[in-house]
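> Please see the structure below; I have some questions.
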Amino acid sequence: MTALSRRRLLQMGAGATAGYFARPANAADPIPGERPAQDASVTVLNPRNRVPLSFIIDDSTCLVNLNRFSIPQFAAAYDYKNYTQDWRSMPVEIPDDFVRKFGEWCGEHEIKGKYSIVPYPACVGRIDRELPGWTSRELKASIDLVRNLMMPNWDIHPEMVTHTRVIDTNTGHPIPRFGLEYMENWRWADGQSVDELTNYLSYALGILKNVGLDCQGITTPGGFGSGVKGELAQSTFQSVRDVFGAEIPHYFKYVTDSGDGSVQPRVEYASGLDSDDPRCVVSIVACTGDWTGGWDCIEHGDVDKFITADLGSGRMVEVIERGEPALMLAHWTGIHFNGQESGFKIFQEAVRRMHAKYDNLRWMKLSEIARYWAAKELTGIEKTPQGVRFSAPFAAPDFTVKVAAQSEAAPRVAVAGREVALAEVRDPLRLVAGTFHRQGGAVTACFDLPKGASQVAL
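Our numbering numbers the first residue of the sequence shown as 2 and each following residue consecutively.
In structure tokens, the structure reads:
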């Protein structure tokens, strides 16, 4: 059991786990919701015609090494039949010096992604109150580091409340019972209503809001919500909008680490597209397993699973060459790897190899990818004799479209009666907002899509 990631294991629906994760009969899968008319002759491309990349980091928090404190709780939930790692030998802390080293290196390489902050890590203590074992000054410094160094380039997500025991939101204490039914990673969420899940997610989000960490999405620990997928999506929308006022909430739960199935974000429950209050929630999909070292640090990772030394194969190569967002998955505990930092080294080498092979990549936060995909799928697109008319419920920077155009005149973006001509670039990789590229009777235009009506005149 310990050879599998918790997320992977808890999404399995066969064999010995089937009884634990059977889906309630009344549970509903997420639905796409409304979709506008979009002219088939107009193609919405990736932003700036580049492949989005992102790095999704789970199990991170302030100071606490989640493994050290979660493994004995996981073992208790299974009546000590599993999880036999020597957790006592693991460090208590993943120090801020490592957070700083990691964050600064990523900043130098323009890497973006998602970084979890478990609000009440393994029941050690709430980060908006105290962490027993650390001073209040140390906790404040750790939160400040996340806010100032990480948050500009990384979405911050709660990974539920504790990542272990379920909390009674009325008392703030763990439910005083043991077993899989009372663990966030396993069965508790199954059978919960949208309102009940919204209450729980809001509790987690509220702790992060108390310490000034902004959130536009959430991450599920392990199998949380596997039996109530539709309810989870709806409660994500409700809680993230209620607590933070996010326009386009998103969540990370699903992993597709092999095969030809699409790994594009899934825009769900879209409604009110023509109103003053358009709504949707976006499900973010990782395209890799955790091959940096895993959450439990039992075995070292394998960079070749991401991309091989000859740059010829690997999961990232497969997805990048399909042109879909290539979102890597890792666990913070494996990145640190009990102080050996082997997961970090694997990630660094994977980044080096990807950038050696490709010049068309763009690192983005999950919220940026979610916004672009919401605009891509929910914007009405109409071809007219004058060009292309857009009706967008959500604004999106670097919106990029390709359309046939015979005129030699530069395309113009018209918003609220004001037209601005786009500047031509000879290399499609030089596209930025306010430019266009012409090739083979087609124009690729890149501009900041405004909310509401706009037009690209051709």
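Cβ atoms here follow ideal geometry from the backbone N, Cα and C, with glycine treated the same way.
1. What runs of the beta strand (DSSP E), each 3 residues or longer, lie entirely inside the stretch 251–278?
2. Would you list, in sequence order, the uninterrupted beta strand (DSSP E) runs of no fewer than 3 residues that lie entirely inside the stretch 100–171?
3. Can you find a CB in chain E that lies within less than 8 Å of the CB of G324?
4. Alpha carbon to alpha carbon, how far is N186 from E94?
5. Beta-carbon separation of R51 and N339 under 8 Å?
6. What residue from G218, N66, L274, G207 has the CA that sits closest to A396's CA?
7. Three or more beta-carbon pairs under 8 Å between the stretch 340–352 and the stretch 66–80, yes or no?
8. Less than 8 Å between the C-beta atoms of I112 and L214, yes or no?
9. From I128 to A234, what distance separates their C-alpha atoms?
10. Would the beta-carbon of I57 fall within 8 Å of that of A327?
11. Going by DSSP, what residues sit across from F437 in a beta bridge?
12. Have a look at the DSSP bridge pairing and note the partners of D328.
13. In whole angstroms, what is the alpha-carbon distance linking R148 and S61?
14. Along the chain, where does the beta strand (DSSP E) that runs through T220 open and close?
15. If you pair each beta-carbon of the stretch 153–171 with each one of the stretch 214–230, do three or more pairs fall below 8 Å?
16. In angstroms, rounded to a whole number, what distance separates the CA positions of D428 and R439?
17. How about E420 and V414: are their beta carbons less than 8 Å apart?
18. What does the Cβ neighbour count give for L11, buried or exposed, with the cut at 16 atoms within 10 Å?
19. So the beta strand (DSSP E) G453 belongs to, where does it begin and stop?
20. In the DSSP assignment, find the unbroken alpha helix (DSSP H) run with S284 in it and report its ends.
21. For I32, does the count of other Cβ atoms within 10 angstroms reach 16, so buried, or fall short, so exposed?
22. Just the Cα atoms here: how many angstroms apart are H251 and Y270?
23. Reducing DSSP to helix, strand and coil, say where S71 ends up.
24. Rounded to whole angstroms, what's the CA-CA distance from G442 to L459? Just pull it up for me.
25. Determine, using beta carbons only, whether G381 and Q456 come nearer to each other than 8 Å.
26. Using the Cα positions of D243 and V256, report the straight-line distance between them to the nearest angstrom.
27. How many angstroms separate the CA atom of D311 from the CA atom of V318?
28. Give the secondary structure of P37 by DSSP, where H, G and I count as helix, E and B as strand, and everything else as coil.
29. Report yes or no: do three or more beta-carbon pairs, one from the stretch 39–53 and one from the stretch 399–411, lie closer than 8 Å?
30. Secondary structure at R431, three-state DSSP: helix, strand or coil?
31. In its own chain, which residues sit with a C-beta less than 7 Å from the C-beta of L202, not counting the 5 before and 5 after it?
32. Using C-beta distances below 8 Å, list every residue in its chain close to Y204, excluding the 5 sequence neighbours before and after it, in chain order.
33. Per DSSP, what kind of secondary structure is T44 in: helix, strand or coil?
34. Among the residues of its own chain, which have a CB less than 6 Å from the CB of H174, if the five just before and after it don't count?
35. Provide the residue span of the beta strand (DSSP E) that contains T85, from first to last.
36. Starting from R390 and walking both ways along the alpha helix (DSSP H), at which residues does that stretch end?
In short:
1. 251–256, 267–272
2. 114–117, 155–158
3. No chain E appears in this structure, which consists of one protein chain only.
4. For the purposes of this step, residue 186 is taken as the residue at position 185 of the sequence shown. For the purposes of this step, residue 94 is taken as the residue at position 93 of the sequence shown. Between N186 and E94, the C-alpha separation is close to 22 Å.
5. For the purposes of this step, residue 51 is identified with residue 50 of the sequence shown, where counting begins at 1. For the purposes of this step, residue 339 is identified with residue 338 of the sequence shown, where counting begins at 1. For R51 and N339, no; Cβs fall outside 8 Å.
6. Here residue 396 is taken as the residue at index 395 of the sequence shown, counted from 1. It is L274.
7. no
8. By 1-based counting over the sequence shown, the position of residue 112 is 111. By 1-based counting over the sequence shown, the position of residue 214 is 213. Result no, Cβ atoms of I112 and L214 do not sit closer than 8 Å.
9. Your numbering for residue 128 matches position 127 in the sequence shown. Your numbering for residue 234 matches position 233 in the sequence shown. Looking at the two C-alpha atoms, the distance is approximately 26 Å.
10. Along the sequence shown, one-based indexing puts residue 57 at 56. Along the sequence shown, one-based indexing puts residue 327 at 326. No, they are not a contact pair.
11. Counting from one through the sequence shown, the residue named residue 437 turns up at place 436. Partner(s): E425, A446.
12. On the sequence shown, residue 328 is found 327 positions in, with the first residue counted as 1. As written in the sequence, residue 328 is Leu, which differs from the Asp given in the question. Its beta-bridge partners are S55.
13. As a working note, residue 148 is residue 147 in the sequence shown. As a working note, residue 61 is residue 60 in the sequence shown. About 14 Å.
14. By 1-based counting over the sequence shown, the position of residue 220 is 219. From DSSP, the beta strand (DSSP E) with T220 extends over 218–220.
15. yes
16. Position 427 of the sequence shown, counted from the start, is the residue given in the question as residue 428. Position 438 of the sequence shown, counted from the start, is the residue given in the question as residue 439. Roughly 9 Å separates the two Cα atoms.
17. By 1-based counting over the sequence shown, the position of residue 420 is 419. By 1-based counting over the sequence shown, the position of residue 414 is 413. Yes. Within cutoff.
18. Start at 1 with the first residue of the sequence shown, and residue 11 comes out as number 10. The predicted model places L11 with a pLDDT of 38, which falls under 50 and marks its position as unreliable, so this point remains unresolved.
19. The residue labelled residue 453 in the question sits at position 452 within the sequence shown. Element bounds for G453: 453–458.
20. Within the sequence shown, the letter at position 283 stands for residue 284. Not the alpha helix (DSSP H): S284 falls in the beta strand (DSSP E), residues 280–287.
21. Locating residue 32 in the sequence shown gives position 31, where the first residue counts as 1. Answer is exposed; the Cβ neighbour count stays below 16.
22. Taking the first residue of the sequence shown as 1, we reach residue 251 at position 250. Taking the first residue of the sequence shown as 1, we reach residue 270 at position 269. In a straight line, the C-alpha of H251 is about 12 Å away from that of Y270.
23. As a first step, residue 71 must be located in the sequence shown, where it is residue number 70. Three-state result, S71: helix.
24. One-based indexing of the sequence shown puts residue 442 at position 441. One-based indexing of the sequence shown puts residue 459 at position 458. Going from the Cα of G442 to the Cα of L459 covers about 12 Å.
25. As a first step, residue 381 is located in the sequence shown; it is residue number 380 there, counting from the start. As a first step, residue 456 is located in the sequence shown; it is residue number 455 there, counting from the start. Not closer than 8 Å, so no.
26. Mapped onto the sequence shown, residue 243 falls at position 242. Mapped onto the sequence shown, residue 256 falls at position 255. About 27 Å.
27. Here the question's residue 311 lines up with position 310 in the sequence shown. Here the question's residue 318 lines up with position 317 in the sequence shown. Distance between the alpha carbons of D311 and V318 is about 11 Å.
28. If you number the sequence shown from 1, residue 37 lands on position 36. If DSSP states are grouped into helix, strand and coil, P37 belongs with coil.
29. yes
30. Here residue 431 is taken as the residue at index 430 of the sequence shown, counted from 1. Residue state, collapsed to three classes: helix.
31. Counting from 1 along the sequence shown, the entry for residue 202 is found at position 201. Cβ neighbours of L202 beyond the five flanking positions: I219, S236, T237, S240.
32. Residue mapping note: residue 204 aligns to position 203 of the sequence shown, counting from 1. Only V162, I168, T170 meet the Cβ criterion.
33. To locate residue 44, count along the sequence shown from 1; it is residue 43. Strand, per DSSP.
34. Walking along the sequence shown from the start, residue 174 turns up at place 173. Closer than 6 Å at Cβ, skipping near neighbours: no residue.
35. As a first step, residue 85 must be located in the sequence shown, where it is residue number 84. No beta strand (DSSP E) holds T85; DSSP gives it neither H nor E.
36. Indexing the sequence shown from 1 puts residue 390 at position 389. Counting along the chain, R390 falls outside any alpha helix (DSSP H), though it belongs to the beta strand (DSSP E) covering 388–393.
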